[in-house]
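For the sequence shown, the residue numbers in the working numbering are 5 to 490.
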Amino acid sequence: MRIETILQAIQPMTVKGPRQADIRGIACDSRQVKPGCMFVALRGTREDGARYAEDAIRRGAVAVVSEHNDWTRRDVTHIRVEDARRAVAEISCAFYDHPSARLETIGVTGTNGKTTTTFMIRDILRAAGRNPGLIGTVMYEMGSRCIPANRTTPEAPDLQSMLDQMLTAGCASAVMEVSSHALEQKRVWGIDFDVGVFTNLTRDHLDYHVTMQRYFDAKALLFRGLGQMEKRASAVINLDDPWGQQLANTGGGWSSLVTYGLHPGALVRAVDVELGPQGSAFTVESPWGAVPVRLGLMGRYNVSNALAAFAACAARGLRPDFIAGALAQFQSAPGRLERIPNGRGFQVYVDYAHTDDALSNVLGTLREVSPRRLLVVFGCGGDRDRSKRSRMGTVAGLMADYVVLTSDNPRSEDPAAILGEIVEGMPEGARYETIPDRETAIARALEIARPDDVVLIAGKGHENYQEFARTVIPFDDREVARRLLA
């Protein structure tokens, strides 16, 4: 695609240099630039991508897009824009010829439940023969190609490339998790969603958003954009969540609003809910009819996730009985209350719960299994929202019989300092110990577990690494637990 064609997709302030060069790719990381690329310099919280323009040119960039006006080179085209993040999204959409317009595209946002909900929707659509692709925290799946994810929602060039690969692979649908960071940073700008799903909003990422209102405003961007392009879009919103109620009441460009939950006013509502150690049973009442559902996942929060998936798929025309049948076959998402089989008489689960709300949900669910004792191993990530650390300590201390505090992904922080902040929230009388080394901590919990106990290893779920200040090491809670239990 020629530069002059790309210019039609954006509103440049100035253009310096030739406009006829062919663009072979888009990159916003200079290390990913290949000959013929257009490099878009993004401003970050710590650095300005414009500092790496020369590096991008050395690697073969033939054009640079930035918000700066101090460009003197004549051999490389410079395009000055007001908003580089919006520009890279618009350029990427144009370069890949707007793939979301040719896919049934469903976006799921919220603090908790995104991964399980997207996996449910994917499996329902797959059963319907719609060959869905998947983008989210665990992996990126484009037809038969599946790669581990390095972030929940990729940057715009990678995201549009993945949607394009889905089309090439014969996918008819795309299901994606949409993070608040991605929304605020315009990574999904230009994606024409058929459905936007809101699961819930609880405290997290306040290191970035600062306040809950700003966090909510970022999530709400997905819904403000619904129906603003070519498609008639549906908003699917959790009415059990106070922020969801606020979102539903604000209105938007969507053509239909489908609320869900246990709330009596929800359009898609679960009634006669029965929870047990093997899963749940309930009836879904909706404008499309009432249908019984059996779900092989424990916990009331998974009933909510199933309702979200049900509502999204019903909004896309699938029959309630078909959706219920597909949900009955659903196993689980990787690292989400994933059971680790063993022959020692106690149960072991690995879960991604890394907020106080998620930890409370999982511990509450496991308590319903009626264990003799409930043990939990967890820590908190470094360089992330510090305000949740003491609250997670409070939740664990109140809801578990014994707590082993350990490291999560410390990143640049001192693991001992993180543990100290968690301990500040531990209630008086709570039984706990701190073991900074995560494998040793897991081993300790498994060592003291007795028949009929339940051990929860929380915080990292599907992750297969542990991130420190200067290194990233292979580490998978599930594999560690299996090895220690062998």
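All C-beta atoms, glycine included, are put in the ideal place defined by N, C-alpha and C.
Just so it is clear, the structure is predicted and the values come from calculations on it, not from any experiment.
Identify every residue that forms a DSSP beta bridge with residue i.
i, result
"Thr121", "Answer is none; Thr121 lacks a bridge partner."
"Pro504", "The requested residue 504 does not occur in the structure, where the chain is confined to residues 5 to 490."
"Leu460", "Tyr353, Val380"
"Ala285", "Glu278, Arg298"
"His82", "Lys20, Val68"
"Glu342", "Val354"
"Val112", "Glu181, Val201"
"Val37", "Beta-bridge pairing links Val37 to no other residue."
"Glu152", "Sequence inspection shows Pro at residue 152; the Glu mentioned does not correspond to that position. Answer is Met143, bridged to Pro152."
"Leu261", "Ala239"
"Thr438", "Leu409"
Does the beta-carbon of residue i have 16 or more other beta-carbons within 10 angstroms, so that it is buried, or is it exposed?
i, result
"Gln351", "buried"
"Met403", "buried"
"Ser183", "buried"
"Met42", "buried"
"Cys384", "buried"
"Ile125", "buried"
"Glu278", "exposed"
"Gln470", "buried"
"Arg435", "exposed"
"Asn505", "Coverage of the chain is limited to positions 5 through 490, which leaves residue 505 absent and any answer about it impossible."
"Arg442", "buried"
"Met17", "exposed"
Pull up the distance between the alpha-carbon of residue i and that of residue j, whole angstroms please.
i, j, result
"Ile110", "Met180", "6 Å"
"Cys97", "Glu108", "16 Å"
"Arg47", "Asp244", "37 Å"
"Val37", "Thr49", "22 Å"
"Asn135", "Val19", "42 Å"
"Val92", "Trp258", "25 Å"
"Pro291", "Leu271", "7 Å"
"Glu437", "Ala445", "9 Å"
"Asn468", "Gly303", "25 Å"
"Ala62", "Arg28", "One point to set straight first is that residue 62 is Arg, not Ala, in the sequence displayed. Looking at the two C-alpha atoms, the distance is approximately 16 Å."
"Arg448", "Ala313", "38 Å"
"Val68", "Arg84", "8 Å"
"Gly349", "Leu171", "48 Å"
"Asp456", "Pro375", "6 Å"
"Val201", "Cys150", "24 Å"
"Arg340", "Ser308", "15 Å"
"Gln282", "Arg377", "19 Å"
"Phe334", "Glu432", "41 Å"
"Asp221", "His267", "23 Å"
"Ala332", "Gly300", "7 Å"
"Glu503", "Thr287", "Outside the modelled stretch of the chain, which goes from 5 to 490, sits residue 503, for which no answer is possible."
"Glu58", "Glu86", "21 Å"
Suppose contacts are defined by Cβ-Cβ distances below 8 Å. Is residue i in contact with residue j by that definition?
i, j, result
"Thr398", "Gly429", "yes"
"Asp208", "Arg390", "no"
"Ala328", "Val381", "no"
"Asp330", "Asp127", "What sits at residue 330 in the sequence shown is Ala, not Asp. In this structure, Asp127 lies closer than 8 Å to Ala330 by Cβ."
"Asn204", "Asn306", "no"
"Val366", "Leu460", "yes"
"Pro363", "Ala400", "According to the sequence displayed, residue 363 carries Leu and not Pro. It is a contact, given that the beta carbons lie within the stated cut-off."
"Ala285", "Arg298", "yes"
"Gly140", "Thr122", "yes"
Does any residue of chain B have a CB that is nearer than 8 Å to the CB of residue i?
i, result
"Ala337", "In the structure shown, chain B cannot be found, because there is only a single protein chain."
Heavy atom of the ligand SAH less than 7 Å from the Cβ of residue i, yes or no?
i, result
"Ile30", "Judged by which ligands are present, the structure shown has none, so any question about the ligand SAH falls away."
Inset, instruction - Please determine if the segment 188–196 and the segment 158–167 are in contact, where contact requires at least 3 C-beta pairs separated by less than 8 Å. - result: yes
Legend entry - Cβ contact check for the segment 142–158 and the segment 233–253: 3 or more pairs under 8 Å: no
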